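*Asks:*
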Amino acid sequence: MKNRFLLPLLLLCSLHAQAQGTEALHYRLSYSGLVTGFLWKDLADMTLKLTPQQGSFRENPAARLSMEVSTAGYSIAEAIHPLRYHWESILTPDLKRTLLVRVIDEGESDSHEVYWYNWQDNTIAVFRKRKQLDHSIPLFDEEPRLEWEKDFLLPVPTFIDSQQAVAPGLSYLLLANRLPGRLKRDATDPLTMFLQLRQHDFHTQKTLPLQIIHEDEPAPYQARLVATEELQHGECTAQTMKIEVRRRDHSGEKGLMTMWLSDDAQRLPLRFDVEAPLGMLHAKLQHTIPSSRNNSCAGNHPATNPLLRDDD
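Residue numbering for the sequence shown follows the numbering used here, beginning at 4 and increasing consecutively.
1) On a CA-only basis, which of Ala47, Thr191, Ala222, Glu232 is nearest Ala82? Give me that one, please.
2) Taking only three categories from DSSP, how would you classify Glu152?
3) Is the Cβ-Cβ distance between Ala27 and Lys44 less than 7 Å?
4) Does the Cβ of Gln202 have 16 or more other Cβ atoms within 10 Å, making it buried, or fewer, making it exposed?
5) Taking the C-alpha atoms as reference points, what is the distance between Thr195 and Ile140?
6) Output the residue ranges of the alpha helix (DSSP H) runs that lie fully inside the stretch 76–113 and measure 4 residues or longer, sorted by chain position.
7) Which residue's Cα is closest to the Cα of Leu186: Phe130, His89, Glu109, Leu102?
8) Have a look at Tyr224, Thr95, Gln57 and flag the residue whose alpha-carbon is nearest the alpha-carbon of Leu259.
9) According to DSSP, what are the bridge partners of Gln225?
10) With DSSP as the reference, label Thr39 as helix, strand or coil.
11) Let me check one thing: in DSSP terms, what residues is Glu232 bridge-paired to?
12) Using C-beta distances below 8 Å, list every residue in its chain close to Pro171, excluding the 5 sequence neighbours before and after it, in chain order.
13) Check whether the Cβ of Gly110 lies closer than 6 Å to any heavy atom of the ligand NAD, and answer yes or no.
14) For the alpha helix (DSSP H) that contains Pro147, what are its first and last residues?
15) Helix, strand or coil for Leu32 per DSSP?
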């Protein structure tokens, strides 16, 4: 059963509203399931970074979020599926719309995908790395006869692909699909969703409706405060808010994610669990750069949270 949250949930919340510099959150990712005999095994390191200064996209103001995940140094993950994963989101400054997502895996998948959410035309355009096709005939051709894929849709805009062309007249990326009529209401990608979770005051409003678009599929989700509880984190016990996020369209698709946010002014995502194929994925915050003031043990009331937007 396909999980819409698995890799995107590796993109957990970078700080957007703090303007004091770049924050990096470092996580250890673990998995328990059929593949590991239901034993917990460490799989990867994840680093989330955000430079809060505003940039631009197509000459309009925009914000950028990014993350990296690597299985380097984890023998089980390296043997099963080496991962060198890079994600970048470009969104409107008010966090209401994602404009573009770029996903690159320099590991075994060797993939490069771009999703352009064109709100002006209500269209999603999907781009991917151009491949070389082998036209050789077994038993007849001693050497492979390789040929680059041709464009079968429109050419790739230069703001999407700035890489060197693979051949004369052939860009590095190609337009793989164009889906009109998909953007019916404001929607954000999973990374931006976590920013919204950190900014929301769950003590005032326990539920938060979300419209999340992953790849080319928008879908309704809902985040809900289910408990406030203590969580052992390092050498201290942190007061946390336990948040559950579920898909709301009764599609029968799994997608439960549980996240523990520190119940203080920092709203640090200390831990999250997500349903994964044949098991469960677990992520735990290891450290932050610059070092957190770590008031997470103090449990300050979230009304002092600088992440809360004026309209919350």
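Note that beta-carbon positions come from the ideal geometry of N, C-alpha and C, so glycine has one too. All of these numbers come straight from a predicted model, not from anything done at the bench.
*Replies:* In terms of the structure at hand:
1) Locating residue 82 in the sequence shown gives position 79, where the first residue counts as 1. Cα-wise, what sits closest to Ala82 is Ala47.
2) Walking along the sequence shown from the start, residue 152 turns up at place 149. In this structure, Glu152 counts as coil in the three-state DSSP scheme.
3) As a working mapping, residue 27 is identified with position 24 in the sequence shown. As a working mapping, residue 44 is identified with position 41 in the sequence shown. In this structure, Lys44 does not lie closer than 7 Å to Ala27 by Cβ.
4) Sequence index remark: in the sequence shown, residue 202 carries index 199 (1-based). Buried: at least 16 other Cβ atoms inside 10 Å.
5) The residue given as residue 195 occupies position 192 in the sequence shown. The residue given as residue 140 occupies position 137 in the sequence shown. Approximately 47 Å between the Cα atoms of the pair.
6) 78–83
7) In the sequence shown, residue 186 corresponds to position 183, counting from 1. Ranking Phe130, His89, Glu109, Leu102 by Cα distance to Leu186 puts Leu102 first.
8) Along the sequence shown, read from residue 1 onward, the residue named residue 259 stands at position 256. For Leu259, the closest alpha carbon among the candidates Tyr224, Thr95, Gln57 is that of Tyr224.
9) What you label residue 225 is simply residue 222 of the sequence shown in a count that begins at 1. Looking at the DSSP assignment, Gln225 forms a beta bridge with Pro212, Arg249.
10) Position 36 of the sequence shown, counting from 1, holds the residue named residue 39. In the structure shown, Thr39 sits in a helix (DSSP, three-state: H, G or I).
11) As a position in the sequence shown, residue 232 is number 229, starting the count at 1. Per DSSP, Thr243.
12) One-based indexing of the sequence shown puts residue 171 at position 168. So the list is empty, once near-sequence residues are dropped.
13) Ligands are entirely absent from the displayed structure, and the ligand NAD is therefore not among its contents.
14) Position 144 of the sequence shown, counting from 1, holds the residue named residue 147. Per DSSP, Pro147 belongs to no alpha helix (DSSP H) and is neither H nor E.
15) Indexing the sequence shown from 1 puts residue 32 at position 29. Reduced to three states, the DSSP call for Leu32 is strand.
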